[in-house]
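Colleague: Just dropping this structure here.
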Amino acid sequence: MLIFEHSRPGRRARAQAPAGEAALADIPESFRRKKRPRLPEVSEMQAVRHYTRLSQKNFSIDTQFYPLGSCTMKYNPRACNSLAMLPGLLGRHPLAPDTHSQGFMSAMYELQEILKEVTGMSAVSLAPMAGAQGEFAGIAMIRAYHDARGDTERKEILVPDAAHGTNPATAVMCGYQAREIPTKADGDVDMEALKAALGPQTAGIMLTNPSTLGVFERRIEEIARLVHEAGGLLYYDGANLNAILGRVRPGDMGFDVIHMNLHKTFSTPHGGGGPGAGPVGVSQRLQPFLPIPMVASDGSDYHWLQEEEMPQSIGRLSAFAGNAGVLLRAYVYAKMLGGEGMQRVADYSTLNANYMLKKLMEAGFTAAYPERRATHEFIITLKKEAKELGVNAMDFAKRLLDHGMHAPTTYFPLLVPECFLIEPTETEAKESLDAFIQAMIAIREEAARDPERVKGAPWSLPVRRLDDVKAARELDLRWQPGETST
Amino acid sequence: MLIFEHSRPGRRARAQAPAGEAALADIPESFRRKKRPRLPEVSEMQAVRHYTRLSQKNFSIDTQFYPLGSCTMKYNPRACNSLAMLPGLLGRHPLAPDTHSQGFMSAMYELQEILKEVTGMSAVSLAPMAGAQGEFAGIAMIRAYHDARGDTERKEILVPDAAHGTNPATAVMCGYQAREIPTKADGDVDMEALKAALGPQTAGIMLTNPSTLGVFERRIEEIARLVHEAGGLLYYDGANLNAILGRVRPGDMGFDVIHMNLHKTFSTPHGGGGPGAGPVGVSQRLQPFLPIPMVASDGSDYHWLQEEEMPQSIGRLSAFAGNAGVLLRAYVYAKMLGGEGMQRVADYSTLNANYMLKKLMEAGFTAAYPERRATHEFIITLKKEAKELGVNAMDFAKRLLDHGMHAPTTYFPLLVPECFLIEPTETEAKESLDAFIQAMIAIREEAARDPERVKGAPWSLPVRRLDDVKAARELDLRWQPGETST
Amino acid sequence: MPFIPHTDEETREMLDAIGVDSMDDLFEEIPANLRCGDLSALGPGLWEQEVSQLMQEKARADGQPLCFIGAGAYDHHIPAAVWQLATRGEYYTAYTPYQAEASQGTLQLLYEYQSMMTELMAMDVSNASLYDGASALAEAVLMAVRANRKSKSRRILVPRGLHPHYRATVHTLVKNQGIELVEAPYDEKTGQTDLDALKRHQGGDFAALVIPQPNFFGVLEPVDEMTAFAQANGMLAIALVNPLAMAVLQPPGEWGEKGVDIACGDGQPLGAPLSSGGPYFGFMCCTQKLVRQMPGRIIGRTVDLEGREGFALTLQAREQHIRRSKATSNICTNQGLMVTAATLHMSLLGAEGLARVAARCHENLGMLVEKLTSLGEIEPAFSAPVFHETVLRLPLEAKRVLRTLAAHNVLGGYDLSRHYPELGNALLVCTTENRSESDMNKYRQKLEQVLASRRQGACATMAKLD
Amino acid sequence: MPFIPHTDEETREMLDAIGVDSMDDLFEEIPANLRCGDLSALGPGLWEQEVSQLMQEKARADGQPLCFIGAGAYDHHIPAAVWQLATRGEYYTAYTPYQAEASQGTLQLLYEYQSMMTELMAMDVSNASLYDGASALAEAVLMAVRANRKSKSRRILVPRGLHPHYRATVHTLVKNQGIELVEAPYDEKTGQTDLDALKRHQGGDFAALVIPQPNFFGVLEPVDEMTAFAQANGMLAIALVNPLAMAVLQPPGEWGEKGVDIACGDGQPLGAPLSSGGPYFGFMCCTQKLVRQMPGRIIGRTVDLEGREGFALTLQAREQHIRRSKATSNICTNQGLMVTAATLHMSLLGAEGLARVAARCHENLGMLVEKLTSLGEIEPAFSAPVFHETVLRLPLEAKRVLRTLAAHNVLGGYDLSRHYPELGNALLVCTTENRSESDMNKYRQKLEQVLASRRQGACATMAKLD
Ligand SMILES: Cc1ncc(COP(=O)(O)O)c(C=O)c1O
Ligand SMILES: Cc1ncc(COP(=O)(O)O)c(C=O)c1O
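Protein chains in written order, with our numbering: chain F, -4 to 481; chain L, -4 to 481; chain S, 243 to 708; chain P, 243 to 708.
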């Protein structure tokens, strides 16, 4: 039932607006709204009840194991939430003067410093509001760099075929063409293809390392050398930073610019789709181009760096200073981990992934890269199961939901058929991993015995499999006044 | 699965304790604990996940219609929660000096004043921590009053047979005998029996008005006169105050002392069993005996009244000043309602109850007091259904759960067979009431068709009907280390 | 109309269905002369924003002073998760779990709570809460009088070192049943209950002995001896303990030869904010033998029709709603939500975490005492070991000192002169893990100023400090 | 180990299962010379209590000044229920709803949100959010360039009265695709976009016109005329609106003859706290015709295998994870939780509530302007009607005035001199329903002191005030 169906004309059982009408008399009629929007007219209780019950229909970290590869669904400490929501921090206006902002700015400054240390970059801007905007900032900086040198003929950004969709989309948003580089059977970039692609038209390359294939690109130094020799710069998609915290730093690998997904590695919540934060770090030469605003310190006081102080900046990415509340959560998280805690993140997320991979292989599932060490995530392909049992990766995924677990990422990266990208994260206990492995085995057995049971899944959720084709074809994107639903 | 079953020896994945051991060296070994208690060793995430999922197994106001008679399960405004939990209020030490307590004390003082106004009593103490403790305070004051007059032969408290169990239990805790007064078929107290029971041994009478039978005691003035003439005092059990807010005041009815359940009438949450608050109000003559502490005001500043200022007080009821946080919530609620809002509570809770009663009677259900106007609650008896269909009140109750509604109060008051005490409260919309009525009709039809379906209910909850006999006979009151459950 | 969902049409429709003309008609059975109808003295209702400004002003008015008061309410860090979860609607707005099948969340949680408390106390069984520590002790006293088969006495031995508010509360709650509290003095040097004085009551007719650990002075009592003494003399032993302390101190189930009979106390240190003194919760554990005498709700594990594990209220025959005047107590509503918080708190800290927090609190006390006594003129009043709270003797009236400190936003402790005049200028001070060294330095510095101004005999300086 | 549940034995067991000796071995594929292993510069981890002290200090450091700044971020009352519900784990810790069956809570909520936004904007369709208002406007510009079938132009007409940070953000985000922003001036008297100046661009080749309502000065634009002008000249009309204002002002779907093509803006006034500028959320609505050009996630209603209603992400072929380099935008993570809050906010206020709040804000502005202009020397800069925010002209530099006010904990508004030097000493002031009359009196009083001290030409007094 939709909230609109709890609505009755004239119902106003709530204390959320002042009593009585206030005057709008000085606003001429012609500017005024004639017809009230048909928003729900419900009591406070009805709203609370509706949205409380609705929430219970979600899977989430707080309720289920959620091994969604590339998404780093780890536990979001509750202290990060309450401390970012302290009244003083929540009430600060983004344009408050520095005199009334030193507390907030100090946290932002320290976060910049922490992220520099962790990534090995020379400077960090916290401005981007998610990973994709971080990518945008990064590629825009690469472009600004070439432009500033008068090197304006570089039109291409290289992107491995395994890359996340945001990578090529970002290249295009920055006015570049995205050129795909194939991956070898062992999961590493095809060096011959890379060499062939590099040239005076190369502005740069976007890499995730470990890649979205769940393996570490071993020849990263050689790639860096080749790209740099061709005059290009290296962009690091930091979505997988969780895998290497305190183990290896993108700056040391030779990257010129990097974004971080704080909503992954730094455990800010995903909120059912956002908000996130995608700070960018750069090497020395890109520093002038960082997006504004940034926080600087003269040792005691903090102040903002704006257009005036950073004339070569690619500019602003948002009306204010990005997703400040998310940044505060990441800051709290970083402070709770400390240096040692950071490294443990990489260690235990890698341990968990390798353990699962090993156990799944022992159980007869097929690793996509059996010869490789898994990083914090890994891929199995259900090609064999699809062929032999007629039950594909999507069926496995849906049936896992009935086992009370969220499905891994399916059908991504695109180059692996019947792909399951599995990322357990460091915050899951061994029993969760074992339960997942058991569930996979059970589903395979069930598929042999009763494939329709698997293909008809999920059975235990509020709805069974949804008709996506109908959804796209007979677009129904909003409630229409007057209707009542089933 | 119990939280203990998520536990592993040595697991400590949480940031809730300081690192490293601190010194206890100055405490001799002989005072020290030898064996650690086997509390759960779980990660923060495991605790959060366990208790989040557990919570989803509850019915609650925020998720279901909850027409539990005598309990006033109405909506608990969320503002009351957040405002009572403002850091400044949450952090105040109960023994903080008055200089650092004026904000809190002003709220308490105003709440005392509001409750005086609403009940028509001369003075109010907020000390009692729930209704039953309010009753205790009230009866103890009656006793202190008699004692102070040297009137020490009064040994009996009269209690109608319909009264809540706390009433007779309270009388006994105060050293009295509880003597039952029968109710007439029309729901009013049997006046002849009352007269017969009154005498020099009568210390007082405990009445709820409206009574727990869901009707207003019409001859209350006569009762008051008779009891007073016999030298007894009248105690008002305020559990049903919701029914009469702004319509009639216990003080005006002739009561000498009253408790209020703020967790009912003033909408503080029930919290799965508490905490509540049971302030007591008294007429002039009982004022010296009120429990301490209380807040007094000299017009500008607030100060506590303690033993010294109230030498005749029955004394303290708690280590500090009662359930302060609950009192703050009630205060916020009262401020949001204002005078008009208070009266609306009585009006609409009464409207809802009478509407439901009428509709249920039209549908063929049997009212316990068909000739009477319902108050904010009413009783139907399922005696006929039990006889004809073999499906009793408990079966109806359990089957209602499957309809997504909490059951009404069953088998109370004891004098009505197959009793359903139904209290919809003013915060429920007409659609909830209609849905309940429909569910009752549907269950009755189902009972005729397929009684086992009703008697086997509930079917849709985490467990089916539980074995209470086994629970009481084979006492299992705690997890035992080493066990694993089903 | 805040919170009332009826539209005008619906109201009309419902009045029509009932067959009355107006709201007033619904109240026709109330004698006309009694009807009021005007609460306008209460003023108009405020909307959320207004009431929120109002409450913020009140909160601001109380400041957020630096607090070294304990005395039964302790400022501990509460994990962020505790109240974020406890205020979930499903816990916050449920009733007492009468319909077990629709309340398995609360019921299982309470069962887990009982399990944790029995572990922490090393006792057999636990109830699911009483109001607060003081009233829980009163219930323990009543229970002991009911349960003691060796003695029909209605007298209870109560150490003078028991929290004075607890003594007062117990007195209020038991006196009407003719129960008398007899005071057992403390040793002026150690601060512990005087064992020799106690022995003078040997063979005397008492139903129970109350044994606080630590006592009101923070002092650790000789609990083994006291328990043994009680049980050897036909009394039940009632422990009153700080539950956090039990993470590091010997638990009541192990006192003496066979442990105490009843253990109770206030659960506040387990997840309840100071909140002006409540809501906290009273806990109570006892031996298996006494379970049917225990007041309060108890949850049992059982099975459903299909043999699945489930939880339900049990032993309800002890309670007022079944037994009425013969019930073990009149308690009905208890402190469920605080127990929810405590269960979360214990789960999030574990035994190790509780022990570390306890140790940190105590370590901080050592630091504070050193800082304050190093000022000279100030010294500990007692020689026995203490836990995170202690009595200091000052060279001038505690009341005056506290007033001056408070003016500097330091709450320096609890003045004992009202309840223990025999101790002279005695101050009860407490530290928790929330007091940092710089907090203590601030305390020391302000106190130093107070002492200095006294030495100069300079009222003027005092006034300036005020 | 905070948040990592492995016991030593488990770790050992798992390493054994994998067949390696140590953690280090798990990283063997990383070239040895690249391995770091020391982040000790970050210091040790803090426990919750420590980090909570730290954050409280920071929060305290920023004070809680009285704020009359708006300029794109508005201090509204947020119903208590909003964040108590939005931070429920099931909303707070879920991912983007890729597995629809396990995400019906979020999906239905987003569908309801889309329904509410289309109602509020009177537009056909809505997406499920973009980052913020400024970047949403950039996306609208990119969308307009893609979608405009009448013009292949890459030029966009943008009023100078648009929020300068928005202009800057749009520039950053579109310039690399060769899109140019052309400024349309405002009328110095009214503060509205100068229609005559606009008409000079008639027939000129533009892909779209941006129409802010209200504009940065709080001034109401002649939206009908501007929309008509755009559409008559082959441009798409892009509305940029304050969603709260739309509760009382004509919504973009009704501007001109047939409404705008795209409406966007920042959702902050609908339930997002100020929070230093974010997270807020960008919203975007458009006509049915343009839906396939819209960036961002969109939720559709459909049915399941059994014909039951359900919700799912739809039109994913627009998005980067399917279309990669040909996607409508690179956006992936959006601002879902803020949308959750907004949906709750709108449900709790309803159309009536939003309108009342809007009116109260605006009424307060009238009161403030009267109070301040009554000081003399201060006057409104523009003559056109405004909504809850306006520009005042001061007799001295806004920067100096603001600095002095800030020293008294009053944030007096936003200094326009940096972005609009042509306006002289101009100050943008705003009121919401959260500013009371006594707040305004405080502002007036402090401002009066500033003006008085200037009249005395007394730098000394100024200094004292500072
Ligand atoms: C590998 C990779 N790159 C980039 C992104 C984009 O990040 P965001 O969703 O924060 O925009 C993601 C996240 O989904 C990702 O997994
Ligand atoms: C009629 C009546 N009286 C007294 C009480 C006791 O109140 P409390 O549960 O707050 O102790 C109740 C509540 O259950 C009740 O319904």
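Each residue gets a CB set at the ideal place from its N, CA and C atoms; glycine is no exception.
Starting from residue 464 of chain L, trace the alpha helix (DSSP H) in both directions and tell me its first and last residue.
Modeller: Position 469 of the second sequence holds residue 464 of chain L. Its alpha helix (DSSP H) spans residues 463 to 468.
Colleague: Inspect the beta-carbon positions of residue 84 of chain L and residue 300 of chain S and report whether they are closer than 9 angstroms.
Modeller: Residue mapping note: residue 84 of chain L aligns to position 89 of the second sequence, counting from 1. Residue mapping note: residue 300 of chain S aligns to position 58 of the third sequence, counting from 1. Their beta carbons are under 9 angstroms apart, which means residue 84 of chain L touches residue 300 of chain S by this criterion.
Colleague: Any heavy atom of ligand 2 closer than 8 angstroms to the CB of residue 234 of chain L?
Modeller: Within the second sequence, numbered from 1, the residue matching residue 234 of chain L stands at position 239. Answer for residue 234 of chain L: yes, Cβ within range of ligand 2.
Colleague: Name the residue from S:483, S:621 and S:428 whose alpha carbon lies nearest to the alpha carbon of residue 455 of chain S.
Modeller: Here residue 455 of chain S refers to the residue found at position 213 of the third sequence. Residue S:483 is the option with its Cα nearest to residue 455 of chain S.
Colleague: Please identify, using Cβ separations under 7 angstroms, the residues of the region 307 to 327 of chain P that lie next to chain L, in order along the chain.
Modeller: Listed in sequence order: 322, 323 and 326.
Colleague: Pull up the distance between the alpha-carbon of residue 424 of chain F and that of residue 14 of chain F, whole angstroms please.
Modeller: Here residue 424 of chain F refers to the residue found at position 429 when the first sequence is read from its first residue. Here residue 14 of chain F refers to the residue found at position 19 when the first sequence is read from its first residue. Going from the Cα of residue 424 of chain F to the Cα of residue 14 of chain F covers about 52 angstroms.
Colleague: Assuming residue 401 of chain S is part of the beta strand (DSSP E), what are its boundary residues?
Modeller: As a first step, residue 401 of chain S must be located in the third sequence, where it is residue number 159. From DSSP, the beta strand (DSSP E) with residue 401 of chain S extends over 397 to 401.
Colleague: Between residue 259 of chain L and ligand 2, is there a pair consisting of the residue's CB and a ligand heavy atom that are separated by less than 8 angstroms?
Modeller: Indexing the second sequence from 1 puts residue 259 of chain L at position 264. In this structure, residue 259 of chain L has its beta carbon less than 8 angstroms from a heavy atom of ligand 2.
Colleague: Could you spell out the range, first to last residue, of the alpha helix (DSSP H) harbouring residue 691 of chain P?
Modeller: On the fourth sequence, residue 691 of chain P is found 449 positions in, with the first residue counted as 1. Start and end: 679 to 697.
Colleague: If we define contact as Cβ-Cβ less than 9 angstroms, is residue -3 of chain L a contact residue for chain F?
Modeller: Position 2 of the second sequence, counting from 1, holds the residue named residue -3 of chain L. Under the 9 angstroms criterion on CB atoms, residue -3 of chain L is classed as non-interfacial with respect to chain F.
Colleague: Does any residue of chain F bring its CB to less than 9 angstroms from the CB of residue 556 of chain P?
Modeller: In the fourth sequence, the residue the question calls residue 556 of chain P occupies position 314. It does; some Cβ of chain F falls within 9 angstroms.
Colleague: Assess contact between the region 141 to 150 of chain L and the region 108 to 118 of chain L, defined as three or more Cβ pairs (one per stretch) separated by less than 8 angstroms. Is contact present?
Modeller: no
Colleague: Taking the alpha-carbon of residue 640 of chain S as reference, which of S:561, S:604 and S:662 has the nearest alpha-carbon?
Modeller: Taking the first residue of the third sequence as 1, we reach residue 640 of chain S at position 398. Looking at the Cα atoms, S:662 is the closest of the given residues.
Colleague: If contacts are defined as beta-carbon pairs under 8 angstroms, then residue 232 of chain L and residue 162 of chain L qualify, I think. What distance do you get, rounded to the angstrom?
Modeller: Numbered from its first residue, the second sequence carries residue 232 of chain L at position 237. Numbered from its first residue, the second sequence carries residue 162 of chain L at position 167. Their Cβ separation, rounded to whole angstroms, is 6 angstroms, which keeps residue 232 of chain L and residue 162 of chain L in contact under 8 angstroms.
Colleague: Which partner residues does residue 66 of chain F have in the DSSP bridge list?
Modeller: In the first sequence, the residue the question calls residue 66 of chain F occupies position 71. Beta-bridge pairing by DSSP links residue 66 of chain F to no other residue.
Colleague: Spell out whether any CB of chain S is found under 9 angstroms from the CB atom of residue 147 of chain L.
Modeller: For the purposes of this step, residue 147 of chain L is identified with residue 152 of the second sequence, where counting begins at 1. Closer than 9 angstroms: no.
Colleague: Whole alpha helix (DSSP H) runs in the region 272 to 336 of chain S with 4 or more residues, listed along the chain?
Modeller: 290 to 303, 322 to 328 and 331 to 334
Colleague: Whose CA, out of P:367, P:692 and P:606, lies closest to the CA of residue 20 of chain F?
Modeller: Along the first sequence, read from residue 1 onward, the residue named residue 20 of chain F stands at position 25. Comparing Cα positions, the closest option is P:606.
Colleague: Classify residue 375 of chain F: buried if its beta carbon has 16 or more other beta carbons within 10 angstroms, exposed otherwise.
Modeller: Translated into positions along the first sequence, residue 375 of chain F becomes position 380. Flag for residue 375 of chain F reads buried.
Colleague: Tell me which residues of the region 36 to 47 of chain F have at least one Cβ-Cβ distance to chain S shorter than 9 angstroms, keeping chain order.
Modeller: 36, 37, 38, 39, 40, 41, 43, 44 and 47
Colleague: Using alpha carbons as the reference points, say which of L:75, L:117 and L:471 lies closest to residue 245 of chain L.
Modeller: Mapped onto the second sequence, residue 245 of chain L falls at position 250. That would be L:117, whose Cα lies nearest to the Cα of residue 245 of chain L.
Colleague: Under three-state DSSP, which class holds residue 620 of chain S?
Modeller: Working through the third sequence from its first residue, we reach residue 620 of chain S at position 378. Note: residue 620 of chain S maps to coil in three-state DSSP.
Colleague: CB-CB under 7 angstroms to residue 579 of chain S, same chain, minus the five flanking residues each way: which ones, in chain order?
Modeller: Taking the first residue of the third sequence as position 1, residue 579 of chain S is located at position 337. Closer than 7 angstroms at Cβ, skipping near neighbours: 328, 333 and 334.
Colleague: My output table needs one value for residue 343 of chain L: the three-state DSSP class, helix, strand or coil.
Modeller: One-based indexing of the second sequence puts residue 343 of chain L at position 348. In this structure, residue 343 of chain L counts as helix in the three-state DSSP scheme.
Colleague: Please list, in chain order, all residues of the same chain as residue 190 of chain L whose beta carbon is under 7 angstroms from its beta carbon, the five residues on each side excluded.
Modeller: Walking along the second sequence from the start, residue 190 of chain L turns up at place 195. Listed in chain order, the non-local C-beta contacts of residue 190 of chain L below 7 angstroms within the same chain comprise 221, local neighbours out to five positions each way being set aside.
Colleague: Using only alpha-carbon positions, find the residue among L:355, L:311, L:273 and L:439 that is nearest to residue 384 of chain L.
Modeller: As a working note, residue 384 of chain L is residue 389 in the second sequence. Cα-wise, what sits closest to residue 384 of chain L is L:439.
Colleague: With respect to 8 angstroms, is the separation between the Cβ of residue 130 of chain F and the closest non-hydrogen atom of ligand 1 below this value?
Modeller: Within the first sequence, numbered from 1, the residue matching residue 130 of chain F stands at position 135. Result yes, Cβ under 8 angstroms from ligand 1.
Colleague: From residue 98 of chain F to residue 346 of chain P, what distance separates their C-alpha atoms?
Modeller: Residue numbering aside, residue 98 of chain F sits at position 103 when the first sequence is read from its first letter. Residue numbering aside, residue 346 of chain P sits at position 104 when the fourth sequence is read from its first letter. Going by the C-alpha atoms only, they are around 40 angstroms apart.
Colleague: Quick check: what's the CA-CA separation for residue 286 of chain S versus residue 419 of chain F?
Modeller: Within the third sequence, the letter at position 44 stands for residue 286 of chain S. Within the first sequence, the letter at position 424 stands for residue 419 of chain F. Their Cα atoms are separated by approximately 55 angstroms.
Colleague: Under 7 angstroms between beta-carbons, which chain F residues line up against residue 501 of chain S? List them in chain order, please.
Modeller: Working through the third sequence from its first residue, we reach residue 501 of chain S at position 259. Residues of chain F passing the Cβ test: none, with the nearest at roughly 35 angstroms.
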